[in-house]
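Quick notes on the structure that follows.
2 protein chains.
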Amino acid sequence: MPSSHRPTISDVASLAGVSIATVSRVINGSSQVAGQTIQRVQAAITDLKYTPHAAARVLASRKTNTIGLLLPEISGAFFQPLLRGIEAGAQEAGFDLLIHTTDDTQSNAGIRRPLGEHNTDGLLVFTDSLDHKELRRLHSIGFPVVLLHQAPPKSLMIPVVTIENQSGAQKIVEHLIVVHGCRRIVFLQGPEDHEDSVWREKGYRQALKDHGITFNPSLVLRGGFNPDESRQALTRLLSNGKGFDSIFSGDDDSAIGVIQALRQAGWRVPEDVAVVGFDDSSFARTLDPPLTTVSAPTERVGREAVRQLVRIIRAEKVEPRLILPTELVIRQSCGCQA
Amino acid sequence: MPSSHRPTISDVASLAGVSIATVSRVINGSSQVAGQTIQRVQAAITDLKYTPHAAARVLASRKTNTIGLLLPEISGAFFQPLLRGIEAGAQEAGFDLLIHTTDDTQSNAGIRRPLGEHNTDGLLVFTDSLDHKELRRLHSIGFPVVLLHQAPPKSLMIPVVTIENQSGAQKIVEHLIVVHGCRRIVFLQGPEDHEDSVWREKGYRQALKDHGITFNPSLVLRGGFNPDESRQALTRLLSNGKGFDSIFSGDDDSAIGVIQALRQAGWRVPEDVAVVGFDDSSFARTLDPPLTTVSAPTERVGREAVRQLVRIIRAEKVEPRLILPTELVIRQSCGCQA
DNA sequence: CTGAAAGCGCTTACAG
DNA sequence: CTGAAAGCGCTTACAG
Chain A
1074 MPSSHRPTIS DVASLAGVSI ATVSRVINGS SQVAGQTIQR VQAAITDLKY
1124 TPHAAARVLA SRKTNTIGLL LPEISGAFFQ PLLRGIEAGA QEAGFDLLIH
1174 TTDDTQSNAG IRRPLGEHNT DGLLVFTDSL DHKELRRLHS IGFPVVLLHQ
1224 APPKSLMIPV VTIENQSGAQ KIVEHLIVVH GCRRIVFLQG PEDHEDSVWR
1274 EKGYRQALKD HGITFNPSLV LRGGFNPDES RQALTRLLSN GKGFDSIFSG
1324 DDDSAIGVIQ ALRQAGWRVP EDVAVVGFDD SSFARTLDPP LTTVSAPTER
1374 VGREAVRQLV RIIRAEKVEP RLILPTELVI RQSCGCQA
Chain B
1074 MPSSHRPTIS DVASLAGVSI ATVSRVINGS SQVAGQTIQR VQAAITDLKY
1124 TPHAAARVLA SRKTNTIGLL LPEISGAFFQ PLLRGIEAGA QEAGFDLLIH
1174 TTDDTQSNAG IRRPLGEHNT DGLLVFTDSL DHKELRRLHS IGFPVVLLHQ
1224 APPKSLMIPV VTIENQSGAQ KIVEHLIVVH GCRRIVFLQG PEDHEDSVWR
1274 EKGYRQALKD HGITFNPSLV LRGGFNPDES RQALTRLLSN GKGFDSIFSG
1324 DDDSAIGVIQ ALRQAGWRVP EDVAVVGFDD SSFARTLDPP LTTVSAPTER
1374 VGREAVRQLV RIIRAEKVEP RLILPTELVI RQSCGCQA
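Going line by line, the protein sequences match chains A and B. Residue 1074 is where the first sequence starts when you use our numbering, and the numbers rise one by one after that. Residue 1074 is where the second sequence starts when you use our numbering, and the numbers rise one by one after that.
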């Protein structure tokens, strides 16, 4: 790129016949400038097709006007509404968004941190995408961070935005028990140590307990919150015969694999086995049968998380814990009629 | 954030007892430094938990080491593999990724361009997310740009990465004609002026022509590449009775709406109407019935686009047009057996 | 192999 | 309302 072609604030200043300080003022509206002067400066800007150099502004003003998002991956239907909410929130607040997906395969060697205090004003951190050590470091220098779907490490006061996992799970399992008379309910866990999964399992156990059903560990499998792992886990379980009457698949993605495995083994859903999910992903209503699930306000999580983060950046008060409500969505995969 | 807490290159230099130039050299490996000196500097860096300030490096070195991605939205199953590929490509090349979704509702007033030469070394531009005027401006200053799924405006030589839309569409329509004896084939267009849609329609018409079927404009509807619009379009068409034997729904997202509309009207897929899509989205195989479609190498598109862009940034030669192959994927929604 | 110094393009007290 | 000047934290010729 021929950088000589690129106009700077000085070019604008000389063309308009003012100082660079004045140009800066009209660009930022940071103090009173005479109407005529404004006109001249704006004309010069238009003439030169001038765009302020972002890095120079950052360096001089010590604000990046950018928030960072750390994700474990960009895939799965779950992240779509999350990203949509975050994008929207950032736009509303006038911040740019820098996204980085952490990849376990790459070692963290070297100084260069992809996202941090050197290129953002604050960070949104999704479950397990930043180790506790780095979280501690950011906290120790007072850098704004908001956690998504993940509690902070012990004794660190970092704001969190998440959803009512436990009560949502409890409600849907209760629905299986009370409305459909289920007693032997399989639960498919998410990835190991995944907090959403941990809380959903608590809700599952609570519902069993409330209705006098003994918890049976052999009905709990790891499904990893994805179709493949879930299909395999269920196929393995089915090889011992169908020792269950229903499945709470942990999330909607898993439900896809679960239904495939059941079909392949010749079982009908919901006639032979009731299946329910969690999230109310975009595809849930178009599954066959339409999936009974728990609606999670994922887009709102994204939006609210940005709001919280921006408040921290502006040194305003924030909620230490924002837990958004979930809601039971009855469709047909549990055995209810349309 | 207490910026006083943040160590700078000077802090590292004094702790290590060297000049800041030397610190810069060990960080960047930009020239020979004595082994002992390196050790001392690295110890100081570790000690202070020093991270170089990104904006300062950008300003001094005149490179951002960042590529920008302009998208019309982040949603729809289509964007997942695209983002995955772009993320991967950027990581491989050692570039950061800045994402901005353009929103038609916001006017482009003001100087502040979200993504451009002031904060990136190059831009990936997806269909219709940047107007021709801005594209011209970027081209005129020699700024690296790669277009995705979109040809450049007339006379601008901007590299493109896209897929074989026409031949893919032609193959799948041909399959309907030759294997399933279809003659009255509905085509659902994407959004207006969407290039993928234009090429797919060409493939559709070519296949008809090759097999002596007269093109019937009343069988072409706008489906917008989304389930809702497609469902409505088809429901409208069905109100005149079922004057067709099959549907090429333009993309997989549309196929969802198409199948819903058919079911609601009491028609079976594929017994009464064959339905095929395009993309081979993640959900295509789990639809009911599993969707016959055209597999698009969307992840590869993302990855290759980054490669091209990086080559331009490095002033290396690039392909002016990279067109990745598509492939017919036969499942059951066309009437074939499993 | 190392340092002193200029410069990247802005913002922001400080004066007036 | 406006300007001169210092400074943000780096990189990079230029000397030695």
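Cβ coordinates follow ideal geometry from the N, Cα and C atoms, glycine included.
Kindly indicate the opening and closing residues of the beta strand (DSSP E) around A:Val1218. Here residue 1218 of chain A corresponds to residue number 145 of the first sequence, with the count starting at 1. 1218 to 1221 is the extent of the beta strand (DSSP E) around A:Val1218.
Using a Cβ-Cβ cut-off of 8 Å, state whether A:Val1096 counts as contacting chain B. Residue mapping note: residue 1096 of chain A aligns to position 23 of the first sequence, counting from 1. Closer than 8 Å: no.
Counting only C-beta atoms, is B:Arg1404 closer than 8 Å to chain A at any point? Working through the second sequence from its first residue, we reach residue 1404 of chain B at position 331. No, because no Cβ of chain A sits closer than 8 Å to the Cβ of B:Arg1404.
Please state whether the Cβ-Cβ distance between B:Thr1359 and B:Cys1407 is less than 8 Å. The count along the second sequence starts at 1 and reaches residue 1359 of chain B at position 286. The count along the second sequence starts at 1 and reaches residue 1407 of chain B at position 334. Their beta carbons are not under 8 Å apart, which means B:Thr1359 does not touch B:Cys1407 by this criterion.
Nearest to B:Leu1171 by CA position, among B:Leu1203, B:Thr1200, B:Thr1137, B:Arg1373, is which residue? Here residue 1171 of chain B refers to the residue found at position 98 when the second sequence is read from its first residue. Closest by alpha carbon: B:Thr1137.
Entirely within the segment 1250 to 1284 of chain B and at least 3 residues each: give me those beta strand (DSSP E) ranges in chain order. 1258 to 1262
Taking the alpha-carbon positions, what's the B:Ile1070 to B:Lys1227 distance? The shown model of chain B, from 1074 to 1411, leaves out residue 1070 of chain B, and the question about it has no answer.
Measure from the C-beta of B:His1212 to each C-beta in chain A and report whether the shortest distance is under 8 Å. Mapped onto the second sequence, residue 1212 of chain B falls at position 139. No, because no Cβ of chain A sits closer than 8 Å to the Cβ of B:His1212.
Let me know the secondary structure DSSP gives A:Asp1169 once reduced to three states. Walking along the first sequence from the start, residue 1169 of chain A turns up at place 96. It is a strand residue.
Counting only the same chain and skipping the five closest in sequence on each side, list residues whose C-beta sits under 8 Å from that of A:Thr1371. The sequence position of residue 1371 of chain A within the first sequence is 298, counting from 1. Result list for A:Thr1371: Phe1151, Pro1154, Leu1155, Gly1158, Ile1236, Asp1352, in chain order.
By DSSP's criteria, B:Thr1235 is part of a beta bridge. Which residues make up the other side? Numbered from its first residue, the second sequence carries residue 1235 of chain B at position 162. Answer by DSSP bridge pairing, in chain order: B:Ile1396.
Quick one: which residues of the segment 1319 to 1330 of chain A get their C-beta closer than 7 Å to a C-beta of chain B? List them in chain order. Ile1329
Short of 7 Å in beta carbon distance, which residues of its chain neighbour B:Tyr1277, apart from the five on each side in sequence? Order them along the chain. Walking along the second sequence from the start, residue 1277 of chain B turns up at place 204. Only Ala1242, Val1246, Phe1260, Phe1321 meet the Cβ criterion.
Residue closest to A:Val1099, alpha-carbon to alpha-carbon, out of A:Gln1112, A:Ser1368, A:Ser1087: As a position in the first sequence, residue 1099 of chain A is number 26, starting the count at 1. Cα-wise, what sits closest to A:Val1099 is A:Gln1112.
So, using beta-carbon positions, are B:Asp1194 and B:Ile1140 closer together than 8 Å? For the purposes of this step, residue 1194 of chain B is taken as residue 121 along the second sequence, with counting starting at 1. For the purposes of this step, residue 1140 of chain B is taken as residue 67 along the second sequence, with counting starting at 1. Going by C-beta atoms, B:Asp1194 is nearer than 8 Å to B:Ile1140.
Which residues share a DSSP beta bridge with B:Val1349? Within the second sequence, the letter at position 276 stands for residue 1349 of chain B. Partner(s): B:Phe1321, B:Thr1365.
With 8 Å as the threshold, decide whether the Cβ of A:Thr1365 is near any Cβ in chain B. Residue mapping note: residue 1365 of chain A aligns to position 292 of the first sequence, counting from 1. By this cut-off, A:Thr1365 is not an interface position.
Along the beta strand (DSSP E) that carries A:Gly1195, what are the first and last residues, could you check? Translated into positions along the first sequence, residue 1195 of chain A becomes position 122. It spans 1195 to 1199 - the beta strand (DSSP E) in which A:Gly1195 sits, taken as one unbroken run.
Residue nearest to A:Val1367 in terms of C-alpha spacing, selected from A:Arg1387, A:Gly1297, A:Leu1401: Stepping through the first sequence from its first residue, residue 1367 of chain A is reached at position 294. Closest by alpha carbon: A:Leu1401.
Less than 6 Å between C-beta atoms, sequence neighbours within five positions excluded: which residues of the same chain meet that for A:Arg1304? Within the first sequence, residue 1304 of chain A is the residue found at index 231, counting from 1. Correct list, in chain order: Gly1330, Gln1333, Ala1334.
With a Cβ-Cβ cutoff of 8 Å, do B:Ala1166 and A:Leu1132 count as a contact? Indexing the second sequence from 1 puts residue 1166 of chain B at position 93. Indexing the first sequence from 1 puts residue 1132 of chain A at position 59. Cβ distance not < 8 Å, so B:Ala1166 and A:Leu1132 don't count as in contact.
Secondary structure at B:Ile1082, three-state DSSP: helix, strand or coil? On the second sequence, position 9 is the one that residue 1082 of chain B refers to. Three-state DSSP puts B:Ile1082 in a helix.
A:Arg1384 versus A:Val1391: straight-line alpha-carbon distance, rounded: Position 311 of the first sequence, counted from the first residue, corresponds to residue 1384 of chain A. Position 318 of the first sequence, counted from the first residue, corresponds to residue 1391 of chain A. Looking at the two C-alpha atoms, the distance is approximately 7 Å.
According to DSSP, is A:Arg1113 helix, strand or coil? For the purposes of this step, residue 1113 of chain A is taken as residue 40 along the first sequence, with counting starting at 1. Correct three-state label for A:Arg1113: helix.
What residues in its chain sit with their C-beta under 8 Å from that of A:Thr1124, if we drop five residues either side in the sequence? Counting from 1 along the first sequence, the entry for residue 1124 of chain A is found at position 51. So the list is empty, once near-sequence residues are dropped.
Contact list for the segment 1293 to 1306 of chain B against chain A, Cβ threshold 9 Å: Pro1300
A:Pro1343 vs A:Pro1363 beta-carbon contact at 8 Å: Here residue 1343 of chain A refers to the residue found at position 270 when the first sequence is read from its first residue. Here residue 1363 of chain A refers to the residue found at position 290 when the first sequence is read from its first residue. Cβ distance not < 8 Å, so A:Pro1343 and A:Pro1363 don't count as in contact.
Where does A:Val1293 fall in DSSP's three states? Mapped onto the first sequence, residue 1293 of chain A falls at position 220. In the structure shown, A:Val1293 sits in a strand (DSSP, three-state: E or B).
Where the beta strand (DSSP E) containing A:Gly1375 begins and where it ends: The residue given as residue 1375 of chain A occupies position 302 in the first sequence. A:Gly1375 -> not in any beta strand (DSSP E); alpha helix (DSSP H) instead, spanning 1371 to 1386.
Is the Cβ of B:Thr1371 closer than 8 Å to any Cβ of chain A? In the second sequence, residue 1371 of chain B corresponds to position 298, counting from 1. B:Thr1371 does not count as touching chain A.
Could you have a look at A:Val1331 and say whether DSSP puts it in helix, strand or coil? As a working mapping, residue 1331 of chain A is identified with position 258 in the first sequence. Of the three classes helix, strand and coil, the one that applies to A:Val1331 here is helix, per DSSP.
Using Cβ-Cβ distances below 8 Å, what residues of the segment 1118 to 1129 of chain B are close to chain A? Ile1118, Lys1122, Tyr1123, Thr1124, Pro1125, His1126, Ala1127, Ala1128, Ala1129
For B:Ser1104, collect the residues of the same chain with a Cβ closer than 7 Å to its Cβ; drop the 5 residues on either side in sequence, then sort them by chain order. By 1-based counting over the second sequence, the position of residue 1104 of chain B is 31. Once the five neighbours on either side are set aside, the close Cβ partners of B:Ser1104 are Arg1098.
Could you give the residue range of the beta strand (DSSP E) that holds A:Ile1100? Mapped onto the first sequence, residue 1100 of chain A falls at position 27. Note, A:Ile1100: premise wrong, no beta strand (DSSP E); alpha helix (DSSP H) at 1093 to 1101.
Say whether chain B places a C-beta atom closer than 8 Å to the C-beta of A:Val1131. Position 58 of the first sequence, counted from the start, is the residue given in the question as residue 1131 of chain A. It does; some Cβ of chain B falls within 8 Å.
Beta-carbon neighbours of B:Arg1079, restricted to chain A and to distances below 8 Å: By one-based count along the second sequence, residue 1079 of chain B stands at place 6. Under the 8 Å cutoff, chain A gives Glu1190, Ile1214.
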